[in-house]
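A.B. asks: Counting from 1 along the sequence shown, just add 6 to a position and that's the residue number in my numbering.
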Amino acid sequence: MNGSTYGLNPKMIVFLLFMGNLISGLDRFLINYGIVHISKDLQLNASSTGLILSIFFLGYAFMQIPGGWLADRFGARLVLFISIIGFSIFTGLTGLAWSLASLIAVRFIFGLAEGSFFPAGAKLISVTIPQEKRSRAMSFYLSALTVAGVAAPLLATTMLLQIGWRMMFVVIGVCGSLVGLLYWFYLKPKKEQQRQESEQPLVEQSAPPAKGAFKVLLKTPIVWSLMIASFAYGFISWGTASWMPTYLVNERGLDLQVLGVLQMIPAVTGFAFFLLAGYILDKVKSGNEKWLGAASGIGIACMVYLMFNAQTITGVVIYQSLLPMFAAVLSVIIFSLPIKQLPEAVGGSAVGMINLGMQIRDSSLRYLSAS
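As structure tokens, then:
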């Protein structure tokens, strides 16, 4: 496999996926900062705001497997375009919500629309990127969420003050729609004649999955193993993102402004480690990923232990900044193995199923946090 059926350099395809995932992350994260203003304007209580924040994940989780299957069946380009335009429209509609019921409906449909994006992106990587470079492509794709995590608070604080929460969602929705148009116009498949005339033949689109292919996927051990790994890995990623700020403020007495600066350090190292992890995994001999994954899991456990037992704030930040080194490797293994080792015809379905494990984790942890 050494190319793409699309009329773009594979690097540009991965960049477009990065931009789409970045918008996806921003759309998802901004409501965490806007919810205070939303609750005041719509006069919502704590349980209502909790429902608004969590209803997205129900729709998102519901579409993981169907979204992957649709990408396998009808092609990644179509599903990506519909997904990004869909979730961008409902991001904009968030700013037009007039009641609790309307906001819940909009955020649920927003989750449904966005749920297809990640598995469809993985599908596109599987049919456009050479196998020996797919871990690097996946790592760059995944790293967009790290960038979104850094950009979201900066954008939110500025936009909430300057234009308010309603226009904030409208602006981000418009930006997402523009990226969606790039997908439609720049991810056009090349004509058969162009493929034949190319000096270096490009990869053909994978055929639609054969009848019963999904049933075979359900019987594939690696899919279930990676789904369980995704579920377990999610506890660490969600915990450090959601509980660490509270821990540092309440238990370590850290000032909120200082916290904001310090929390950018792990995000920056996380982005760098994601890119490094992809490069390393493309160089690792096939079959040895399990040992690297096991070592990464041990590394994560050690960093978490050292982080919570550090005597100084400096120690906490150092260990928290090293944690993404191991987490990035594990994350890239989880999501690149299926598109490297499984047939391209079921790549979207496999990644959707594996990512469902992480979404089950999201829902369960949010429920426990609210209890």
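Ideal Cβ placement from N, Cα and C applies to all residues, glycine included.
Note that the structure is a prediction, hence the values are computed from the model and not measured.
1) Below 8 Å on the Cβ atoms is my contact criterion, and I expect G186 with F87 to pass it. Report the Cβ-Cβ distance as a whole number of Å.
2) Can you tell me the Cα-Cα spacing of I272 and L48, whole angstroms?
3) Can you tell me the Cα-Cα spacing of S327 and M18, whole angstroms?
4) Check whether the Cβ atoms of I4 and V310 lie closer than 9 Å to each other.
5) So, with DSSP's three-state summary, where would you put A103?
6) Please identify the residue among V42, L84, F68 and A356 whose C-alpha is closest to the C-alpha of Y192.
7) Roughly how many whole angstroms lie between the Cα atoms of R201 and A162?
8) Do you know how far the Cα of L362 is from the Cα of D78?
9) To the nearest angstrom, report how far apart K129 and W171 are at their CA atoms.
10) Look at the Cβ atom of L232, then the Cβ atom of I360, and state whether they are nearer than 9 Å.
11) Of the choices A82, N27 and T100, whose alpha-carbon is the least far from that of L59?
12) Measure the alpha-carbon distance for E350 versus A333 and round it to whole angstroms.
13) Between V255, S149, G73 and I340, which lies nearest to F21 when the distance is taken from Cα to Cα?
14) Residues in its own chain within less than 6 Å of G305 by CB, not counting five upstream and five downstream?
15) Out of I37, A119, G303 and V322, which has the shortest C-alpha to C-alpha gap to F175?
16) Can you tell me the Cα-Cα spacing of S94 and L118, whole angstroms?
17) Is it true that the CB of L336 sits closer than 9 Å to the CB of S145?
C.D. replies: Walking through what the data contain:
1) 6 Å
2) The residue you asked about is not Ile; residue 272 is Pro in the sequence shown. Answer to the nearest angstrom: the Cα atoms are 35 Å apart.
3) 30 Å
4) Outside the shown range of the chain, which is 7 to 377, sits residue 4, and nothing can be said about it.
5) coil
6) L84
7) Unreliable placement is indicated for R201, whose pLDDT of 43 sits below 50; no coordinate value is reported for it.
8) 17 Å
9) 34 Å
10) yes
11) T100
12) 26 Å
13) S149
14) F332
15) I37
16) 12 Å
17) no
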